[in-house]
Structure formats: structure tokens, C-alpha cells
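Enquirer: I am attaching a structure below and will ask some questions about it afterwards.
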Amino acid sequence: MTEVTAIKTSAAQSAAEQPMVRFENVCKRYGNLVVLDDLNLEIARGEKVAIIGPSGSGKTTVLRMLMTLERIDGGVIWVDGEPMTHMMRSGQMVPAAQKHLRRVRSKIGMVFQHFNLFPHMTALQNCIEAPITVLKMSRKEAEARATELLDMVGLADKKGHYPAQLSGGQQQRVAIARALAMRPKVMLFDEVTSALDPELVGEVLHVIRQLGAEHDLTMLMVTHQMGFAKEFADRVCFFYQGKIAEQGVPQELFGAPKNERTKQFLRAVLESV
């Protein structure tokens, strides 16, 4: 092995050992309201993390900051071994320029609660718009990938349909295919079943379950589906008042929670099912 090859191999190994996502002392405030309080959280490559907790605990803010939809007020967010919210300039860490933000953010895909599909575009057009515009992919390549992804989420026969012609579950599956079309390394799911009728929840969770089994994606999911979180996640984080009050493997956190607030939350949620 040459010296150059050895250096490249060492660098690749070092990158692989880095967490895919890292929140380092991250704070978010709205005036006097502290939404996230000095958050430290590492998510390994390929790890599937479920985020649970009461409303207002900061769950969705975690995802929105990763998508740069919310600016942080302190700390640093790292993605794939490099800072996303900051960049190095003259040996100093400074707030990231928009170009840097866009480049690092391109590694992340997000599926929202309310689909957010373009109503004037078919399912196929929704999935090819960003790859052509942002990734500069050829239309032929973008359509081939979109067709493959729509087939994967069980909608190969719906690619010419507009959102208004699809059920809520089908729209959410198109939204998943659209996010995957950008070839992200990290997928974020924000309460993706909460806007669906109960009978449609299963079909969306089946697609997410399939993604987790067949693709090497790092996945963060904010959810109130406790059963799915227990089955799907490698780790569950319970948020309360802007902090992680408790975290652990699903069997431990759901089976024998240690924090009193976690116990209260799970009791209330599970009794309401």
C-alpha cells in the first residue's frame, strides 16, 4: 500500500467512525422561551432513532434545525463529519455561509406531516423536479430514478396522478419517494402519520419499515406511534422541556423507564390507545 493510499484509507476509516449527526451544546430560543436547552446528541451512521415526548418539548425543532428551517442560537450541528451550521475560516469556526449550508443540507431529506406536494404536478413530476433543478440530473435519469422509487413505495401505477387524485397515505408515500430522489444520507420523518386516517397509517409505516431494512440510511423520526417506535428504532429519546430526559434501546425505555416524567408520559399515551 502506497503512502497516499494509506492516508486515504485512514481518512475514510476516520470518517466512517464519526457520527452521522451530532448536536453539540445546541440551543434554540424564542425570546424568553427556551425550546432546546444545551442539546448534546450523537446519531451513528445507519442508526434509527425515534424521538418522543409531549407537545412543546422540542422534538420537531430538532428536525427543523437539521433542515436549516430554524436557526440555532448556540452550539454547533455536525453532519457527516463536518459542521453544518458553521465553517472554518482562517482557522476559526464562523457561522456558515448559505452556500456551505446548502451543500451540507443536501445530505438530508425530510418528510413532513402534511405532505407538501406540488398540487399542479403529477407524482412523477414531484419526484423529478428537485433532482433536475438542484442535482442537475438529466431528465431521463431523474425519471428512471423516480419511477424506481415510486415502484418501491408501491405507487408504480400512480406516477401520472396528481395529488388530489391520491389518498393521504399515497400522497405521503410520494413525499417519501421525492425525498429519497435527492439521494440523502439522513432521512427525517416528522409525525408523518398524524395527518392520516387510521386505516392509512399502516401503509406508510410499512414503507418506512422497508426503507430501514433495505437501505443504509440514518433515520430520525418524531412520532406518537409508540408501537412502531418500539419495533423500528435502535434507540428512543424522550424529550421534555428542551432536553433529553431519558434515552435507551426501546425494550428498556418502554419496558422499564427510569425517569418519572417518562413514566407519566408513556402511561398517558399508552392508556389513550
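Here the numbering used here is used: the first residue of the sequence shown is 4, the next is one more, and so on. We put the CB at the ideal spot given by N, CA and C, even for glycine.
1. Taking C-beta to C-beta, are A184 and R212 nearer than 8 Å?
2. Would you decide whether A216 is buried or exposed? Buried here means 16 or more other CB atoms lie within 10 Å of its CB.
3. At 4 residues or longer, what runs of the alpha helix (DSSP H) sit wholly inside the region 229-253?
4. Let me know the alpha helix (DSSP H) ranges lying completely inside the region 44-72, each 4 residues or longer, listed in chain order.
5. From what residue to what residue does the beta strand (DSSP E) around R92 run?
6. Ignoring anything shorter than 4 residues or poking outside the region 140-188, list the alpha helix (DSSP H) runs there in chain order.
7. Answer yes if the region 27-47 comes into contact with the region 72-79, meaning at least three C-beta pairs across the two stretches below 8 Å, and no otherwise.
8. The beta strand (DSSP E) spanning L223 covers which residue range?
9. Looking at G61 and V38, is the spacing between their C-beta atoms short of 8 Å?
10. Using the beta-carbon count (16 or more within 10 Å), is Q173 buried or exposed?
11. For L199, name the three-state secondary structure that DSSP assigns.
12. Determine the DSSP secondary structure at L120, reduced to helix, strand or coil.
Expert: In brief:
1. no
2. exposed
3. Taking only runs of at least 4 residues, the alpha helix (DSSP H) segments lying wholly in the region 229-253 are 229-235.
4. 62-69
5. R92 -> beta strand (DSSP E) spans 89-92.
6. Counting whole runs of 4 or more residues, the region 140-188 contains the alpha helix (DSSP H) stretches 142-155, 171-183.
7. With the cut-off at 8 Å, the region 72-79 and the region 27-47 touch.
8. 221-225
9. yes
10. buried
11. It is coil, neither helix nor strand.
12. In the three-state scheme derived from DSSP, where H, G and I count as helix and E and B as strand, L120 is classed as coil.
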